[in-house]
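Protein chains in written order, with this note's numbering: chain A, 22 to 271; chain B, 22 to 271. Taking it in order: structure first as structure tokens, then the write-up.
2 protein chains.
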Amino acid sequence: MSSQFTIIGNYISPYVRKVLACMELKGLDYQIDPITPFIGDDRFTQLSPLRRIPVLIEGDLVLNDSSVICQYLEDRFAEPSLYPADAADRAKARWVEEYCDTHLASVLVWKLFYQKVVRRHVFQEEPDEAMMTHAREVEIPAALDYLESCAPADGFLFGALSIADISIASYFRTASFVRYVIDAERWPRMAALVARVQGLPSFQKLARLEESVLRVPLAEQRDVLIAAGAPLTAETMATLTPRKGTSRFA
Amino acid sequence: MSSQFTIIGNYISPYVRKVLACMELKGLDYQIDPITPFIGDDRFTQLSPLRRIPVLIEGDLVLNDSSVICQYLEDRFAEPSLYPADAADRAKARWVEEYCDTHLASVLVWKLFYQKVVRRHVFQEEPDEAMMTHAREVEIPAALDYLESCAPADGFLFGALSIADISIASYFRTASFVRYVIDAERWPRMAALVARVQGLPSFQKLARLEESVLRVPLAEQRDVLIAAGAPLTAETMATLTPRKGTSRFA
Numbered sequence: 022m023s024s025q026f027t028i029i030g031n032y033i034s035p036y037v038r039k040v041l042a043c044m045e046l047k048g049l050d051y052q053i054d055p056i057t058p059f060i061g062d063d064r065f066t067q068l069s070p071l072r073r074i075p076v077l078i079e080g081d082l083v084l085n086d087s088s089v090i091c092q093y094l095e096d097r098f099a100e101p102s103l104y105p106a107d108a109a110d111r112a113k114a115r116w117v118e119e120y121c122d123t124h125l126a127s128v129l130v131w132k133l134f135y136q137k138v139v140r141r142h143v144f145q146e147e148p149d150e151a152m153m154t155h156a157r158e159v160e161i162p163a164a165l166d167y168l169e170s171c172a173p174a175d176g177f178l179f180g181a182l183s184i185a186d187i188s189i190a191s192y193f194r195t196a197s198f199v200r201y202v203i204d205a206e207r208w209p210r211m212a213a214l215v216a217r218v219q220g221l222p223s224f225q226k227l228a229r230l231e232e233s234v235l236r237v238p239l240a241e242q243r244d245v246l247i248a249a250g251a252p253l254t255a256e257t258m259a260t261l262t263p264r265k266g267t268s269r270f271a
Numbered sequence: 022m023s024s025q026f027t028i029i030g031n032y033i034s035p036y037v038r039k040v041l042a043c044m045e046l047k048g049l050d051y052q053i054d055p056i057t058p059f060i061g062d063d064r065f066t067q068l069s070p071l072r073r074i075p076v077l078i079e080g081d082l083v084l085n086d087s088s089v090i091c092q093y094l095e096d097r098f099a100e101p102s103l104y105p106a107d108a109a110d111r112a113k114a115r116w117v118e119e120y121c122d123t124h125l126a127s128v129l130v131w132k133l134f135y136q137k138v139v140r141r142h143v144f145q146e147e148p149d150e151a152m153m154t155h156a157r158e159v160e161i162p163a164a165l166d167y168l169e170s171c172a173p174a175d176g177f178l179f180g181a182l183s184i185a186d187i188s189i190a191s192y193f194r195t196a197s198f199v200r201y202v203i204d205a206e207r208w209p210r211m212a213a214l215v216a217r218v219q220g221l222p223s224f225q226k227l228a229r230l231e232e233s234v235l236r237v238p239l240a241e242q243r244d245v246l247i248a249a250g251a252p253l254t255a256e257t258m259a260t261l262t263p264r265k266g267t268s269r270f271a
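This is how it looks when you write it as structure tokens:
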């Protein structure tokens with residue numbers, strides 16, 4: 022039995038998490054091929070010209086880029102809406118998403134998580150300690166200062182939960198895999214906002230699957246995910262030879 | 022007399038061009054403060070946390086990111102629509118825009134134009150010749166191969182003109198400033214598409230202003246633009262000390 026949607030993308034990726042969170046919140050049925058682009062085969066390159074995840078497949082339609090996919094799901098399934106109704110707020114929410122996809126991803130994922138996890142465990146290279154220290158001490162605090170200035174005392178950034186909150190929570194979730202925790206004394210609104218979003222049932226459901234594979238070698242992840250009840254595709258595009266030279270893994 | 026919209030951003034930037042083309046096509050009135058982020062003062066940092074252009078200002082509303090701004094203009098001023106009506110086509114058009122904003126910009130603007138023009142003329146540094154050669158010989162051809170596979174024999178990518186065509190034409194326009202021309206024998210559809218879009222009256226109007234400042238020192242650009250009839254703001258945020266360390270100039 023096949024679902025309407027197939028997602029290619031690993032549970033560890035914050036870009037994939039954004040899409041899966043939207044699908045969970047909108048109650049959509051999907052199956053997932055949980056690869057990382059490092060190990061995707063040539064069929065993956067055909068579907069994702071920049072070898073990035075996530076990819077959404079719906080019949081003949083193949084879509085790349087988490088922001089494009091989330092907006093498509095909103096266009097197709099309006100309820101519950103994950104974009105503010107007011108045009109100006111909607112634009113501001115999309116800006117927060119863009120800020121997260123590029124800048125927050127750069128400092129939390131590429132300069133911290135990627136260094137510590139992917140370089141070490143996928144490519145057997147030493148992480149760049151100076152880059153990680155600069156991210157922790159300078160760049161992440163500066164990003165949190167900015168986001169704290171946008172964050173509400175309670176609730177979500179634009180009233181109801183939106184793509185802005187989902188994006189912020191997704192990136193800090195991947196950072197938590199390398200034990201990055203927001204200092205609640207210094208950034209109380211951000212710490213509370215991220216905890217609020219990550220506490221939602223949709224994020225909690227994904228969190229259980231993320232935790233099941235977090236310290237499991239790539240070759241064993243499918244079996245572990247099946248045991249954990251993840252909706253896996255029957256086949257995978259993953260080959261087990263890591264392939265370097267992709268600009269981004271997600 | 023002030024316009025409804027102010028744009029902060031230089032005519033040379035492809036990101037700014039995307040927004041200005043949308044405003045021209047929708048017949049919107051605007052004024053422009055034609056700075057580059059290298060020379061923006063601290064007020065600019067307040068309006069653009071990542072010190073990128075373009076910025077759109079409309080009363081109290083301040084928006085960053087060309088894709089966010091273009092979608093906002095579409096949400097506010099539906100006619101003429103610059104996004105396909107069909108949800109799947111709309112998503113594919115947004116993907117082409119994203120591909121241009123990140124990958125095409127990387128190879129055409131950062132690895133070619135920035136090296137040749139900005140490094141040399143703003144920062145008095147030598148360009149990275151190896152990077153430029155690799156972009157010209159490997160990366161730009163690969164991007165053109167991909168885009169050629171999406172491009173139509175005539176007309177535009179998704180029937181009527183859309184953000185996808187506008188994006189492609191905007192990046193190749195900035196590349197043309199360093200004399201990059203698409204080889205029409207190798208990529209006939211792309212060469213014709215770019216020529217078709219750049220030939221539109223809105224692009225032609227912008228092209229005249231672009232040409233007026235192309236070889237003019239930053240300090241003299243405002244006077245030249247006023248003489249050329251550009252709708253400049255009364256004041257500028259530009260200071261004439263270049264400031265390094267921004268991740269992107271546009």
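Backbone N, C-alpha and C define an ideal beta-carbon position, used for all residues, glycine too.
Beta-bridge pairing of Tyr32/B - partner residues as DSSP gives them: Taking the second sequence and counting its residues from 1, one reaches residue 32/B at position 11. Looking at the DSSP assignment, Tyr32/B forms no beta bridge with any residue, so it has no partner.
Going along chain A, which residues have a C-beta under 8 Å from Arg64/B? Position 43 of the second sequence, counted from the first residue, corresponds to residue 64/B. Neighbours of Arg64/B on chain A: none; closest Cβ ~16 Å, over 8 Å.
Of the residues Val143/A, Ala42/A and Arg140/A, the one placed nearest Gln16/A, counting alpha carbons only: What is shown of chain A runs 22 to 271, which leaves residue 16/A out entirely.
Do the segment 27-47 of chain B and the segment 222-235 of chain B make contact, defined as three or more Cβ pairs closer than 8 Å? yes
Within 7 Å of any Cβ in chain B, is that where the Cβ of Ile203/A sits? Position 182 of the first sequence holds residue 203/A. With 7 Å as the cut-off, Ile203/A does not count as an interface residue toward chain B.
Top-ranked residue by Cα proximity to Arg217/A, from Phe26/A, Arg157/A and Ser183/A: Sequence index remark: in the first sequence, residue 217/A carries index 196 (1-based). Among Phe26/A, Arg157/A and Ser183/A, the Cα nearest to that of Arg217/A belongs to Ser183/A.
Just mark Ser188/B as buried or exposed, buried being the case when its beta carbon has 16 or more other beta carbons within 10 Å. The residue labelled residue 188/B in the question sits at position 167 within the second sequence. Taking a 10 Å sphere around the C-beta of Ser188/B, we find 16 or more other C-beta atoms and assign the residue as buried.
Reference Val117/B; option with closest CA among Arg38/B, Ala164/B, Leu253/B and Ala212/B: On the second sequence, residue 117/B is found 96 positions in, with the first residue counted as 1. Checked all of Arg38/B, Ala164/B, Leu253/B and Ala212/B; the closest Cα to Val117/B is Ala164/B.
Among Leu168/B, Ser170/B, Tyr167/B and Asp186/B, which has the Cα closest to the Cα of Gly176/B? As a first step, residue 176/B must be located in the second sequence, where it is residue number 155. Of the listed residues, the one whose Cα sits closest to Gly176/B is Asp186/B.
Which residues bound the beta strand (DSSP E) around Leu84/A? Translated into the one-based positions of the first sequence, residue 84/A becomes position 63. First-last of the beta strand (DSSP E) with Leu84/A: Leu82 to Asn85.
Could you tell me whether the Cβ atoms of Phe134/B and Val199/B are closer together than 7 Å? Within the second sequence, the letter at position 113 stands for residue 134/B. Within the second sequence, the letter at position 178 stands for residue 199/B. Against a cut-off of 7 Å, the Cβ pair of Val199/B and Phe134/B comes out as a contact.
Please report the straight-line C-alpha distance between Ala181/A and Met211/A, rounded to a whole angstrom. Taking the first residue of the first sequence as 1, we reach residue 181/A at position 160. Taking the first residue of the first sequence as 1, we reach residue 211/A at position 190. Taking the straight line joining both Cα atoms gives about 16 Å.
Interface positions of the segment 122-139 of chain B facing chain A (Cβ-Cβ less than 9 Å), listed along the chain: So the close ones are Thr123, His124 and Ser127.
Would you mind telling me which residues of chain B sit closer than 9 Å to Asn85/A, beta carbon to beta carbon, in chain order? The count along the first sequence starts at 1 and reaches residue 85/A at position 64. Simply Trp116, Glu119 and Tyr120.
Considering only the beta carbon of each residue, do Ser324/B and Asp50/B sit closer than 7 Å? This structure leaves residue 324/B out entirely; chain B is present only between 22 and 271.
What residues in its chain sit with their C-beta under 7 Å from that of Leu125/A, if we drop five residues either side in the sequence? To locate residue 125/A, count along the first sequence from 1; it is residue 104. Excluding its 5 nearest sequence neighbours in each direction, Leu125/A has C-beta neighbours in its own chain below 7 Å: Ala164 and Tyr192, listed in chain order.
Could you name the residues of chain A that Pro70/B contacts, counting a contact when the two beta carbons are closer than 7 Å? As a working note, residue 70/B is residue 49 in the second sequence. Per Cβ cutoff of 7 Å: Tyr167.
For Thr154/A, count the other beta carbons within 10 Å of its own beta carbon; 16 or more makes it buried, fewer makes it exposed. Which is it? Within the first sequence, residue 154/A is the residue found at index 133, counting from 1. Classification for Thr154/A: exposed.
Taking Cβ-Cβ distances shorter than 9 Å, what residues in chain E pair up with Gln92/A? No chain E appears in this structure, whose protein chains are A and B.
As assigned by DSSP and simplified to three states, the class of Thr123/B: As a working mapping, residue 123/B is identified with position 102 in the second sequence. In this structure, Thr123/B counts as helix in the three-state DSSP scheme.
Cutoff 6 Å; reference Ile161/B; Cβ partners in own chain excluding five residues on either side: Numbered from 1 along the second sequence, position 140 holds the residue referred to as residue 161/B. Taking Ile161/B as the centre and dropping the five residues before and after it, the same chain places the C-beta of Val128 closer than 6 Å to its C-beta, in chain order.
Can you check whether the C-beta of Ala108/A is within less than 7 Å of a C-beta belonging to chain B? As a working note, residue 108/A is residue 87 in the first sequence. Chain B, which has a Cβ nearer than 7 Å to the Cβ of Ala108/A, makes this yes.
Comparing the C-beta of Asp186/B with each C-beta of chain A, is any distance below 7 Å? Within the second sequence, the letter at position 165 stands for residue 186/B. It does not: the Cβ of Asp186/B has no partner Cβ on chain A nearer than 7 Å.
Would you mind telling me which residues of chain B sit closer than 7 Å to Leu82/A, beta carbon to beta carbon, in chain order? Working through the first sequence from its first residue, we reach residue 82/A at position 61. Going along chain B in sequence order, the residues near Leu82/A (Cβ under 7 Å) are Ala109.
Determine whether the Cβ of Arg97/A lies closer than 7 Å to any Cβ atom of chain B. One-based indexing of the first sequence puts residue 97/A at position 76. Arg97/A counts as touching chain B.
Element boundaries [beta strand (DSSP E), containing Gln52/A]: Here residue 52/A refers to the residue found at position 31 of the first sequence. From DSSP, the beta strand (DSSP E) with Gln52/A extends over Tyr51 to Asp54.
Looking only at DSSP bridge pairs, what is Val76/B linked to? If you number the second sequence from 1, residue 76/B lands on position 55. Beta-bridge pairing links Val76/B to Ile29/B and Asn85/B.
Interface flag, Val159/A vs chain B, CB-CB below 7 Å: On the first sequence, residue 159/A is found 138 positions in, with the first residue counted as 1. Chain B contact via Cβ: absent.
Enclosing alpha helix (DSSP H) for Leu230/B [first to last residue]: Taking the second sequence and counting its residues from 1, the one referred to as residue 230/B is at position 209. Pro222 to Val234 is the extent of the alpha helix (DSSP H) around Leu230/B.
Applying a beta-carbon distance threshold of less than 7 Å, which residues of chain A neighbour Val89/B? In the second sequence, counting from the first residue as 1, residue 89/B sits at position 68. Near Val89/B (Cβ distances below 7 Å), the residues of chain A are Ala112, Arg115, Trp116 and Glu119.
Applying the 10 Å Cβ sphere with the 16-neighbour rule, what's the burial state of Gly48/B? Walking along the second sequence from the start, residue 48/B turns up at place 27. Its Cβ having fewer than 16 others within 10 Å, Gly48/B is exposed.
Can you tell me the Cα-Cα spacing of Gln52/B and Cys121/B, whole angstroms? Numbered from 1 along the second sequence, position 31 holds the residue referred to as residue 52/B. Numbered from 1 along the second sequence, position 100 holds the residue referred to as residue 121/B. The alpha-carbon atoms of Gln52/B and Cys121/B are separated by roughly 26 Å.
Find the nearest neighbour of Ile78/A within the set Leu71/A, Arg72/A, Ile90/A and Pro70/A, judged by alpha-carbon distance. In the first sequence, counting from the first residue as 1, residue 78/A sits at position 57. Comparing Cα-Cα distances from Ile78/A to each of Leu71/A, Arg72/A, Ile90/A and Pro70/A, the minimum goes to Ile90/A.
Quick one: is Thr267/A near chain B, going by C-beta distance under 7 Å? Taking the first residue of the first sequence as 1, we reach residue 267/A at position 246. Reliability fails at Thr267/A, whose pLDDT of 43 lies under 50, so the model's placement of it is uncertain and no value is given.
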